[in-house]
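Engineer: Sharing a structure with you now.
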Amino acid sequence: MAGPVHKSNNFKEEMKEEEEEKEKREKDMALTASMIHRSSSRPQLDLSGAAIQGNFEDRDPAILLPNQSDDISHLALDIGGSLIKLVYFSRHEDRLVDDKRKKSLKERLGVSNGSRRSYPILGGRLHFVKFETRKINECLDFIYSKQLHRGGIDPRGWNSEAPANDDAIIKATGGGAFKFTDLFKERLGVSLDKEDEMDCLVAGANFLLKAIRHEAFTHMEGQKEFVQIDNNDLFPYLLVNIGSGVSMIKVDGDGTFQRVSGTNVGGGTYWGLGRLLTKCKSFDELLELSQRGDNKVIDMLVGDIYGGMDYSKIGLSASTIASSFGKAISENKELEDYRPEDISLSLLRMISYNIGQISYLNALRFGLKRIFFGGFFIRGHAYTMDTISFAVHFWSKGAAKAMFLRHEGFLGALGAFMSYEKHGLDDLMAHQLVERFPMGAPYVGGTIHGPPLADLSEKISWMEKFVQKGTEIIAPVPMAAPRTTGLGGFESPSSKGDTLRSDDASLNVGVLHLVPTLEVFPLLADSRTYEPNTIDLSDHSELEYWFTVLSEHLPDLVDKAVASEGGTDDAKRRGDAFARAFSAHLARLMEEPAAYGKLGLANLLELREECLREFQFVDAYRSIKQRENEASLAVLSDLLIELDSMSEESRLLALIEGVLAANIFDWGSRACVDLYHKGTIIEIYRMSRKKMQRPWQVDDYDVFKERMLGSGDKKPCPHQRALLFVDNSGADVVLGMLPLARELLRRGTEVVLVANSLPALNDVTAMELPEIVAEAAKHCDVLRKAAEAGGLLVDAMTNIQDVSKENSSSTPLMVVENGCGSPCIDFRQVSSELAAAAKDADLIILEGMGRALHTNFNARFKCDTLKLAMVKNQRLAEKLIKGNIYDCVCRYEAAASG
Ligand SMILES: Nc1ncnc2c1ncn2[C@@H]1O[C@H](COP(=O)(O)OP(=O)(O)O)[C@@H](O)[C@H]1O
Ligand SMILES: CC(C)(COP(=O)(O)O)[C@@H](O)C(=O)NCCC(=O)O
Ligand SMILES: [Mn+2]
Numbered sequence: 049m050a051g052p053v054h055k056s057n058n059f060k061e062e063m064k065e066e067e068e069e070k071e072k073r074e075k076d077m078a079l080t081a082s083m084i085h086r087s088s089s090r091p092q093l094d095l096s097g098a099a100i101q102g103n104f105e106d107r108d109p110a111i112l113l114p115n116q117s118d119d120i121s122h123l124a125l126d127i128g129g130s131l132i133k134l135v136y137f138s139r140h141e142d143r144l145v146d147d148k149r150k151k152s153l154k155e156r157l158g159v160s161n162g163s164r165r166s167y168p169i170l171g172g173r174l175h176f177v178k179f180e181t182r183k184i185n186e187c188l189d190f191i192y193s194k195q196l197h198r199g200g201i202d203p204r205g206w207n208s209e210a211p212a213n214d215d216a217i218i219k220a221t222g223g224g225a226f227k228f229t230d231l232f233k234e235r236l237g238v239s240l241d242k243e244d245e246m247d248c249l250v251a252g253a254n255f256l257l258k259a260i261r262h263e264a265f266t267h268m269e270g271q272k273e274f275v276q277i278d279n280n281d282l283f284p285y286l287l288v289n290i291g292s293g294v295s296m297i298k299v300d301g302d303g304t305f306q307r308v309s310g311t312n313v314g315g316g317t318y319w320g321l322g323r324l325l326t327k328c329k330s331f332d333e334l335l336e337l338s339q340r341g342d343n344k345v346i347d348m349l350v351g352d353i354y355g356g357m358d359y360s361k362i363g364l365s366a367s368t369i370a371s372s373f374g375k376a377i378s379e380n381k382e383l384e385d386y387r388p389e390d391i392s393l394s395l396l397r398m399i400s401y402n403i404g405q406i407s408y409l410n411a412l413r414f415g416l417k418r419i420f421f422g423g424f425f426i427r428g429h430a431y432t433m434d435t436i437s438f439a440v441h442f443w444s445k446g447a448a449k450a451m452f453l454r455h456e457g458f459l460g461a462l463g464a465f466m467s468y469e470k471h472g473l474d475d476l477m478a479h480q481l482v483e484r485f486p487m488g489a490p491y492v493g494g495t496i497h498g499p500p501l502a503d504l505s506e507k508i509s510w511m512e513k514f515v516q517k518g519t520e521i522i523a524p525v526p527m528a529a530p531r532t533t534g535l536g537g538f539e540s541p542s543s544k545g546d547t548l549r550s551d552d553a554s555l556n557v558g559v560l561h562l563v564p565t566l567e568v569f570p571l572l573a574d575s576r577t578y579e580p581n582t583i584d585l586s587d588h589s590e591l592e593y594w595f596t597v598l599s600e601h602l603p604d605l606v607d608k609a610v611a612s613e614g615g616t617d618d619a620k621r622r623g624d625a626f627a628r629a630f631s632a633h634l635a636r637l638m639e640e641p642a643a644y645g646k647l648g649l650a651n652l653l654e655l656r657e658e659c660l661r662e663f664q665f666v667d668a669y670r671s672i673k674q675r676e677n678e679a680s681l682a683v684l685s686d687l688l689i690e691l692d693s694m695s696e697e698s699r700l701l702a703l704i705e706g707v708l709a710a711n712i713f714d715w716g717s718r719a720c721v722d723l724y725h726k727g728t729i730i731e732i733y734r735m736s737r738k739k740m741q742r743p744w745q746v747d748d749y750d751v752f753k754e755r756m757l758g759s760g761d762k763k764p765c766p767h768q769r770a771l772l773f774v775d776n777s778g779a780d781v782v783l784g785m786l787p788l789a790r791e792l793l794r795r796g797t798e799v800v801l802v803a804n805s806l807p808a809l810n811d812v813t814a815m816e817l818p819e820i821v822a823e824a825a826k827h828c829d830v831l832r833k834a835a836e837a838g839g840l841l842v843d844a845m846t847n848i849q850d851v852s853k854e855n856s857s858s859t860p861l862m863v864v865e866n867g868c869g870s871p872c873i874d875f876r877q878v879s880s881e882l883a884a885a886a887k888d889a890d891l892i893i894l895e896g897m898g899r900a901l902h903t904n905f906n907a908r909f910k911c912d913t914l915k916l917a918m919v920k921n922q923r924l925a926e927k928l929i930k931g932n933i934y935d936c937v938c939r940y941e942a943a944a945s946g
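Counted the way my numbering counts, the sequence shown spans residues 49 to 946.
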């Protein structure tokens with residue numbers, strides 16, 4: 049384990065003296081880290097019980113959700129002709145650490161908990177699961193094993209901590225709510241409270257379209273494109289739900305709709321007729337057959353009738369289907385003479401096209417331009433969506449647009465769920481929802497059969513059996529560009545793959561984390577047009593490049609993660625499972641980049657951190673961070689003395705150089721990690737400082753300097769409050785950002801250090817910062833007074849209120865968490881304490897590649913903004929700033945006017 053180690057004697061002595069102290073601290077940190085894990089602003093999946101059962105050799109293994117992870121659950125059902133859909137909410141008790149930093153912050157900043165309503169909304173998770181209706185017993189077993197039926201409506205409302213309710217009532221919609229009333233009473237002792245199916249479909253669709261970013265997408269000729277719907281411009285639209293049968297509903301508003309049409313030729317027709325004609329055992333098998341089919345064998349084409357010619361006068365090409373299944377009349381063939389593959393494709397095309405056409409006619413009837421398609425017939429299947437889109441596009445001559453929904457089949461169940469009163473979900477906003485994709489079929493909205501997984505260990509066993517180690521993607525997988533057929537033609541399917549992805553993986557629906565405390569960062573210049581990601585991953589070569597970078601980083605990351613958990617056999621097993629899981633995600637996304645919604649680099653980097661946490665790696669870089677913090681703190685006073693000997697002008701430059709130079713300590717960059725093998729942290733820091741000559745590749749320093757120091761006799765007034773978004777531990781924060789913070793404090797600017805809520809790589813967290821600041825304060829009066837005034841030196845305080853009064857004259861230094869557990873930041877979803885701190889801020893400093901380049905490089909804010917980063921990746925340097933690795937960015941943008 050080579051890494052930057054400080055070699056001075058002083059440091060060694062201190063190490064010895066503090067050995068015991070350190071051990072204690074390490075234990076404390078481990079403890080608090082695990083507490084953060086439970087109480088984070090973006091809650092994690094609790095893996096306390098995950099298990100498999102059934103035949104391990106099955107392609108779709110029998111798995112159930114863990115049964116003991118939920119404290120309080122609420123369930124709603126949609127029992128349809130073909131499938132039972134479950135939406136359930138699990139709430140996890142807030143196990144908040146008694147965090148003094150938070151308490152003092154609340155007083156200082158007046159942080160609210162996002163309580164815009166009269167009743168508080170609960171944080172928790174929404175899960176999406178389905179079963180086949182003919183296997184209703186499996187569904188009942190599932191509900192029982194998770195005790196979901198015990199959390200129904202309580203007369204005292206949702207927030208009541210009432211004990212399990214024996215007379216629970218569960219909201220249910222769909223015909224099965226009537227048909228199976230007695231069965232639910234008998235088996236679970238619960239009553240089903242019936243909700244109207246159309247009401248539910250509309251409520252579900254409206255909720256999804258308003259609250260979930262990138263819920264809707266178009267799918268044309270194999271290309272999926274997410275559509276951002278403006279909440280104020282949603283209605284009217286046509287909702288087409290393709291379940292067993294098809295409903296067409298004109299939606300004019302919340303609860304305002306009319307079922308205008310429908311067709312009995314729907315999903316049940318495809319599955320039923322398909323089963324009879326092909327002898328398929330499952331819907332997926334039937335769909336998979338279609339992918340290898342050729343419909344020309346069965347369908348009668350225009351060319352068949354016109355002797356191979358187009359009927360161009362009315363715009364029909366020879367390859368257009370004139371009559372579905374029409375060839376079967378003229379030939380002397382029996383059913384056995386046709387390939388099941390061809391039958392399945394003809395049937396799928398016939399039904400999809402027909403639904404598309406009827407939908408268009410209804411849209412035309414009411415002058416509707418947008419048609420949203422839902423229902424499980426669609427099943428995320430590219431060819432089905434392309435066919436429907438083609439029909440709508442063709443008949444409307446491009447005037448109407450077919451759109452699909454990621455939660456396609458769950459509209460009714462979600463609507464039934466929304467019909468519970470006082471759950472507070474109806475006005476949830478996109479920024480309060482975070483979708484996560486934990487590994488394992490039961491977690492991704494899959495079909496479930498079999499009893500529950502018992503614990504993490506069983507989940508790992510399942511992973512070992514079923515999730516191939518992703519070694520094959522260590523080398524980049526070449527991705528074929530999707531084939532197009534040309535619009536007029538559509539002769540052959542453009543989106544047929546060889547195999548259909550397993551049901552669970554293809555659903556593309558994650559667990560929705562409801563985090564009521566998240567807010568949109570109030571200083572975004574325009575939150576509606578804000579796009580966090582800088583690099584567009586829809587460019588295939590970019591996608592391939594970043595996938596390779598992440599794959600290649602994996603072995604080193606696993607080493608660090610395993611070591612951070614003591615290198616035990618258990619840690620190794622978890623490390624291996626993490627590698628499998630993350631590789632599987634990468635492989636899946638490589639195959640279908642939009643599988644989990646719109647994909648940006650920030651999502652990939654966050655997914656990696658989430659995946660580590662899923663396998664209970666709380667903080668993989670813990671010891672590296674500690675070592676680098678200590679090494680840097682040991683030389684801080686020398687640096688401060690050096691800085692204090694300079695003129696104001698040279699000092700400001702030295703400080704900015706210092707931030708850029710120290711940003712070299714990034715364990716997420718391949719090049720930097722190689723570098724660390726070559727020297728100690730201080731040697732690398734010095735080397736980096738020496739090379740820090742202006743002009744930088746992006747260099748707005750002069751404008752920034754003028755704002756800070758003025759020109760000539762003009763002395764500008766200092767900023768009132770600066771938000772410093774810190775990045776890495778060690779030299780980066782201690783020798784880079786803290787000295788800059790100190791300078792601002794000296795000038796009378798309040799400083800808020802904004803750090804991660806959860807660990808990500810070697811980034812410093814909000815939990816860790818107070819201790820680092822306290823250590824730094826030992827070397828510096830300015831920092832000490834400011835930290836005291838900001839309530840940071842909590843250990844020294846007995847009564848926070850007294851201290852804040854006492855220090856009201858000093859300029860405070862504070863620490864707030866950003867609400868993230870990733871090296872990047874999405875300003876649409878930040879912690880409420882950051883949002884509160886932003887209110888009086890007039891300067892933002894974003895530091896590091898993740899926060900200032902991969903995300904937010906192009907973001908504009910309402911206040912002055914300084915973006916500082918060293919580019920530690922050659923390709924990014926070339927692409928973004930036309931420079932080279934280790935070049936620097938100092939981008940300054942004055943407050944966006946208006
Ligand atoms: N695993 C599956 N088993 C059965 N049908 C499926 C499956 N996946 C998708 N389908 C399709 O979805 C249709 C049911 O869609 P859904 O929206 O659940 O409607 P319903 O409420 O009528 O059951 C089926 O008729 C079939 O076409
Ligand atoms: C993960 C990171 C964004 C962290 O950078 P930071 O924000 O610490 O400057 C960065 O290390 C990165 O983009 N790494 C991958 C590229 C590489 O290894 O070259
Ligand atoms: Mn970082």
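For each residue, glycine too, the CB sits at the ideal point set by N, CA and C.
Can you tell me whether P818 is buried or exposed, with buried defined as 16 or more other CB within 10 angstroms of its CB?
Structural biologist: Flag for P818 reads buried.
Engineer: Which partner residues does E632 have in the DSSP bridge list?
Structural biologist: Sequence inspection shows Ala at residue 632; the Glu mentioned does not correspond to that position. Answer is none; A632 lacks a bridge partner.
Engineer: Does the Cβ-Cβ distance between L134 and L125 come in under 8 Å?
Structural biologist: For L134 and L125, yes; Cβs fall inside 8 Å.
Engineer: When every heavy atom of ligand 3 is checked, does at least one fall within less than 7 Å of the C-beta of L955?
Structural biologist: With the chain covering only 49 through 946, there is no way to say anything about residue 955.
Engineer: Compute the minimum distance between the beta carbon of L131 and the heavy atoms of ligand 1, and state whether it is under 7 Å.
Structural biologist: Correct: L131 has its Cβ closer than 7 Å to ligand 1.
Engineer: Taking 7 Å as the cut-off, is the C-beta of G172 nearer than that to any heavy atom in ligand 1?
Structural biologist: No, the Cβ of G172 stays beyond 7 Å of every heavy atom of ligand 1.
Engineer: Can you tell me whether DSSP reads D385 as helix, strand or coil?
Structural biologist: If DSSP states are grouped into helix, strand and coil, D385 belongs with the helices.
Engineer: Is G898 near ligand 2, in the sense that its beta carbon is under 7 Å from a heavy atom of that ligand?
Structural biologist: For ligand 2, at least one heavy atom lies less than 7 Å from the Cβ of G898.
Engineer: Whole angstroms are fine: how far does the CA of G558 sit from the CA of H175?
Structural biologist: So the two alpha carbons sit approximately 8 Å from each other.
Engineer: Would you report the Cα separation of L257 and F305, rounded to the nearest angstrom?
Structural biologist: Using only the alpha carbons, I get a separation of about 15 Å.
Engineer: Looking at K920 and ligand 2, is the gap between the Cβ and the nearest heavy atom below 7 Å?
Structural biologist: Checking the Cβ of K920 against ligand 2 gives yes.
Engineer: Just reading off the alpha helix (DSSP H) that Y285 is part of, what are its end residues?
Structural biologist: First-last for Y285: 285 to 290, but that is the beta strand (DSSP E), not the alpha helix (DSSP H).
Engineer: Check each candidate in V345, I346, A370 and name the one with the smallest Cα separation from M357.
Structural biologist: With distances taken between Cα atoms, M357 lies closest to A370.
Engineer: Using a Cβ-Cβ cutoff of less than 8 Å, which residues in the same chain neighbour C328 once the five nearest sequence positions on both sides are dropped?
Structural biologist: So the list reads G322, L334, L337, P388, S392, once near-sequence residues are dropped.
Engineer: According to DSSP, is T728 helix, strand or coil?
Structural biologist: Coil.
Engineer: Look up V559 in the DSSP assignment and say whether it is helix, strand or coil.
Structural biologist: Strand at V559.
Engineer: According to DSSP, simplified to helix, strand and coil, what is L771?
Structural biologist: Strand.
Engineer: Could you tell me which residues DSSP pairs with Y408 in its beta bridges?
Structural biologist: Answer is none; Y408 lacks a bridge partner.
Engineer: CA-CA distance, V313 and K298?
Structural biologist: Looking at the two C-alpha atoms, the distance is approximately 19 Å.
Engineer: Kindly list the residues whose CB is nearer than 7 Å to the CB of D748, restricted to its own chain and excluding five residues on each side of it in sequence; keep chain order.
Structural biologist: Hits under 7 Å: C938, R939, Y940.
Engineer: For T435 versus G457, is the C-beta spacing smaller than 8 Å?
Structural biologist: Contact flag unset, no.
Engineer: Does the beta-carbon of G716 have 16 or more other beta-carbons within 10 angstroms, so that it is buried, or is it exposed?
Structural biologist: Counting Cβ neighbours within 10 Å, G716 comes out buried, since at least 16 surround it.
Engineer: Compare the C-alpha of L383 against each of M785, L324, L364, V440 and name the closest.
Structural biologist: Per the Cα distances, L324.
Engineer: Leaving aside the five residues before and after H197 along the sequence, list all residues of the same chain whose C-beta is less than 6 Å from its C-beta, in chain order.
Structural biologist: Around H197: I191, A216, L236, V238.
Engineer: Taking 8 Å as the cut-off, does the region 674 to 686 touch the region 778 to 785 (at least 3 CB pairs, one atom from each stretch)?
Structural biologist: Segments in contact, yes.
Engineer: Any heavy atom of ligand 1 closer than 7 Å to the CB of T181?
Structural biologist: T181 Cβ: within cutoff of ligand 1.
Engineer: Once DSSP output is grouped into helix, strand and coil, what is the label at N677?
Structural biologist: N677 falls in the helix class under three-state DSSP.
Engineer: Beta carbon of S903, beta carbon of T582: below 8 Å?
Structural biologist: One detail in the question is off: residue 903 reads as Thr in this sequence, not Ser. In contact: T903 and T582 (Cβ atoms closer than 8 Å).
Engineer: Which residues does DSSP pair with G310 in a beta bridge?
Structural biologist: S295.
Engineer: Where does T596 fall in DSSP's three states?
Structural biologist: Helix.
Engineer: To the nearest angstrom, how far is the alpha carbon of L93 from that of Y136?
Structural biologist: Low per-residue confidence applies at L93: pLDDT is 27, beneath 50, and the placement is therefore not dependable, though the value from the model is reported in the following sentence. The straight-line gap from Cα to Cα measures roughly 14 Å.
Engineer: So is the beta-carbon of P580 under 7 Å away from any non-hydrogen atom of ligand 3?
Structural biologist: No, the Cβ of P580 stays beyond 7 Å of every heavy atom of ligand 3.
Engineer: I'd like to confirm something about L916: is its beta-carbon nearer than 7 Å to some heavy atom of ligand 3, or not?
Structural biologist: Incorrect: L916 has no Cβ contact closer than 7 Å to ligand 3.
Engineer: Identify every run of the beta strand (DSSP E) within the region 401 to 454, keeping only runs that are complete inside it and at least 3 residues long; order them along the chain.
Structural biologist: Here the runs fully enclosed are 418 to 422, 449 to 453.
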